[in-house]
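When we follow this note's numbering, the leftmost residue of the sequence shown carries the number 2, and every step to the right adds one.
Cβ coordinates follow ideal geometry from the N, Cα and C atoms, glycine included.
From a predicted model like this one, the values you see are computed outputs, not experimental measurements.
Accompanying notes for the structure given below.
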Amino acid sequence: MDHKKNFLSGMHDGIPIALGYFAVSFTLGIACRNIGLSAVESTVMSLTNLTSAGEFAALNIIVAGAGYWEMALSQLVINLRYMLMSASLSQKLAPDTPLYHRLMVGYGVTDEIFGISINVPGRLDPFYTYGAVAIASPAWALGTCLGVVLGNVLPARIVVALSVALYGMFLAIIIPPAKKDKILALLVLVSMAASWAFPLVPFFAGISGGMKIIILTVAISAIAAVLFPVHEEKGEAAKPEDSAEACHE
């Protein structure tokens, strides 16, 4: 693999993600300042935790004065979906990929970076993900820092407008592959409808948002795997070495 080429490709694909992260984390920085966190503390938090939902939830827990075990449990539930994403990405890595590469890729797994990494044709080169993380993670941390420093200076309307960029970022990830694959487009629509209807079911009313995402992810992906199985990549014939790898896996 050409690691340098894949790294630069990851950086290129990560630019829209970085822009979206910057806008969203700016709002996060404002929330950090409102509860008394300094710019340094907020920046370190964003550098070590690439999770918007997890960090916003953490701020509420800090304000409530809850204990460490409550913080740990809430983060586990909210971010448990990243375990599913990591398991999926691990199948795209070459079987002989070293453990340290797998751990480093795991650090950068977010909804958006997973989206572009899982759509890489063939095997995933860890350096592709590194390239995306190299530009997205600093943008997330920088936005948080500037949100603490400058957030209260900007008009409220501008801050609200910046937060809308998150939805545009998700659309930019979903629409291109959905336009190429009708089944994927259908699954996207089903996922959107299920996400809207799920909270309306009384039985699931007391379940956290993170757990709802996990349930829907497992259920929809399992149904899709049964109804629309993918036996091999389109346009590529099975190779003997691929069969050997499958036996080992």
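Check whether residue i and residue j have beta carbons under 8 Å apart
{"i": "G11", "j": "Y131", "result": "yes"}
{"i": "G66", "j": "S87", "result": "no"}
{"i": "I36", "j": "L60", "result": "yes"}
{"i": "S75", "j": "A58", "result": "yes"}
{"i": "S53", "j": "L90", "result": "no"}
{"i": "A194", "j": "L217", "result": "no"}
{"i": "F204", "j": "K213", "result": "no"}
Minimum C-alpha distance to residue i - residue among the options
{"i": "T145", "options": "H4, I16, M46, S89", "result": "M46"}
{"i": "G55", "options": "Y83, L38, A40", "result": "Y83"}
{"i": "Y129", "options": "L81, I114, K181, P17", "result": "I114"}
{"i": "K6", "options": "G148, L125, P203, K180", "result": "L125"}
{"i": "L172", "options": "A195, G116, L29", "result": "G116"}
{"i": "Q92", "options": "Y69, V78, V25, V121", "result": "V121"}
{"i": "K183", "options": "F204, E42, A194, F229", "result": "F229"}
{"i": "L143", "options": "P203, T98, A24", "result": "A24"}
{"i": "P17", "options": "A225, L190, A133", "result": "A133"}
{"i": "L85", "options": "V64, T111, P96", "result": "T111"}
{"i": "V227", "options": "S53, L188, H4, L29", "result": "L188"}
{"i": "L29", "options": "L151, I216, A186, A195", "result": "L151"}
Spatial distance of residue i from residue j (CA atoms)
{"i": "P177", "j": "G15", "result": "15 Å"}
{"i": "L155", "j": "I31", "result": "10 Å"}
{"i": "I136", "j": "W197", "result": "32 Å"}
{"i": "P139", "j": "L48", "result": "7 Å"}
{"i": "V149", "j": "R34", "result": "5 Å"}
{"i": "L147", "j": "A40", "result": "8 Å"}
{"i": "I221", "j": "L100", "result": "30 Å"}
{"i": "W141", "j": "A179", "result": "27 Å"}
{"i": "L190", "j": "G123", "result": "26 Å"}
{"i": "V202", "j": "L77", "result": "24 Å"}
{"i": "D97", "j": "V219", "result": "27 Å"}
{"i": "H13", "j": "R103", "result": "22 Å"}
Environment of residue i [buried if 16+ CB atoms lie within 10 Å]
{"i": "P200", "result": "exposed"}
{"i": "F27", "result": "buried"}
{"i": "I159", "result": "exposed"}
{"i": "W70", "result": "exposed"}
{"i": "A95", "result": "exposed"}
{"i": "G68", "result": "exposed"}
{"i": "L38", "result": "buried"}
Sequence-distant residues of the same chain with beta carbon closer than 6 Å to residue i, five excluded per side
{"i": "M72", "result": "I62"}
{"i": "H4", "result": "F128"}
{"i": "V64", "result": "I36"}
{"i": "A225", "result": "L188"}
{"i": "S192", "result": "I221"}
Close beta carbons around residue i, own chain, < 7 Å, minus the five adjacent residues each side
{"i": "K181", "result": "none"}
{"i": "L9", "result": "G132"}
{"i": "A19", "result": "I136, A137, A140"}
Residues of its chain near residue i, where Cβ-Cβ distance is below 8 Å and the 5 sequence neighbours each way are ignored
{"i": "L185", "result": "P178, A179"}
{"i": "I175", "result": "G116, V189"}
{"i": "M109", "result": "In the sequence as presented, Met is not what sits at residue 109; that position holds Gly. So the list reads L51, T130, Y131, A133, V134, A137, S138, once near-sequence residues are dropped."}
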